[in-house]
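Going by our numbering, the first residue of the sequence shown is number 11, and it counts up by one from there. All C-beta atoms in this analysis are idealised placements derived from N, C-alpha and C, irrespective of residue type, glycine included.
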Amino acid sequence: MAERIEAMPTRAARRPQGARSGAAGRVSRATAPTPRSRPLRVPELVVGVVLVAGCALLAVMFSSRSNATTTVVVASRSVARGSAIVAGDLKGAEMAGATTAMVRGRNAVDLIGQIALVDIAADSPLTQSLVTAARPLLNGEALTSMALAPGQVPPDLAPNDHVRVVVTSVGVAGETQATLLDEQAIVWSVSLAPDGTSTIVTVRGPISLSSAVASAAKVQLARVGDH
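Take a look at the structure:
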């Protein structure tokens, strides 16, 4: 009986050698995953290159623009308020930055003969807001403004037009009388009133014209020729 027991193979001995090695191979493959190669994302790479190139181009353009200069007109000497601009008052200068409001060098001739509205210091850039084509008011002259409805002012009235003023007065009995004033006036400015319907006209003329317009019940302008 003892010899029979010794002759019986154990459970480990009965297991086939190939099966044991196969199981070990399966465990090895399960515990050691195969590394994957990360694919190259071409669209994102292209977008990045384009953005970098675009930023570099913008930087170059901004640098070039900031270094660009423009020839503008500046005062070669001090110009007193009310003085007429002459050629000797002007010179050109190169300036960078915001120069939109300044008079360009090629337009310097347009400033000759205009009147300085303020005192202009030497080397100051000139703008159209500093000068005017109109002469300063003389002694006894005044600027008179009036708000006129459609029909009371010529539709194409413009600055420097010559006009006569028609005033309408109301009598004691309520009767109206229109009078053409003798004084001739020159249109100083024309603009639309805030209400969007009336036109504000400012004329240059004698002081007596201002008092006549102020006391009138109605005012109308008539454009006349330059005498």
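Run through the DSSP bridge pairs and tell me what I196 is partnered with.
Paired residue(s): H172 and R214.
Determine the contact status of G102 and V83, defining contact as a CB-CB distance below 8 Å.
Taking 8 Å as the Cβ cut-off, G102 and V83 qualify as a contacting pair.
Going by Cα to Cα distance, which pick from V200, T209 and S86 is closest to S134?
Looking at the Cα atoms, S86 is the closest of the given residues.
Give me, in chain order, the residues of the same chain whose beta-carbon lies closer than 8 Å to that of E151; leave out the 5 immediate sequence neighbours on both sides.
Hits under 8 Å: R214, G215, P216 and I217.
For the stretch 220-228 against the stretch 173-193, do three or more pairs of beta-carbon atoms, one drawn from each stretch, fall closer than 8 Å, so that the two count as touching?
Remark: three or more beta-carbon pairs, one from each stretch, lie closer than 8 Å, so the stretch 220-228 and the stretch 173-193 are flagged as touching.
Who are the Cβ neighbours of D99 in its own chain at under 7 Å, not counting the five residues just before and after it?
For D99, where only same-chain residues beyond five positions count, the Cβ hits under 7 Å are A85, S86, R87 and V89.
Minimum C-alpha distance to A118 - residue among A106, S179, S139 and V96:
Out of A106, S179, S139 and V96, V96 has the C-alpha closest to the C-alpha of A118.
Expressed to the nearest angstrom, what Euclidean distance is found between the alpha-carbon atoms of A33 and C65?
Residue placement at A33 is poorly supported in this model, since its pLDDT is 45, which falls under 50; the coordinates still yield a value, given next. So the alpha carbons of these two residues sit roughly 60 Å apart.
Quick check on V163: buried or exposed, where buried means 16 or more other Cβ atoms within 10 Å of its Cβ?
V163 is buried by the Cβ-count criterion.
Could you check whether L167 and V211 sit closer than 8 Å to each other, using their CB atoms as the reference points?
Against a cut-off of 8 Å, the Cβ pair of L167 and V211 comes out as a contact.
Taking all protein chains shown into account, do 16 or more other C-beta atoms lie within 10 angstroms of the C-beta of D236, making it buried, or fewer, making it exposed?
D236 should be labelled exposed.
Are the CB atoms of V197 and N170 nearer to each other than 8 Å?
Closer than 8 Å, so yes.
Here's the rule I'm using: 16 or more other beta-carbon atoms within 10 Å means buried, otherwise exposed. How should L147 be labelled?
L147 is exposed by the Cβ-count criterion.
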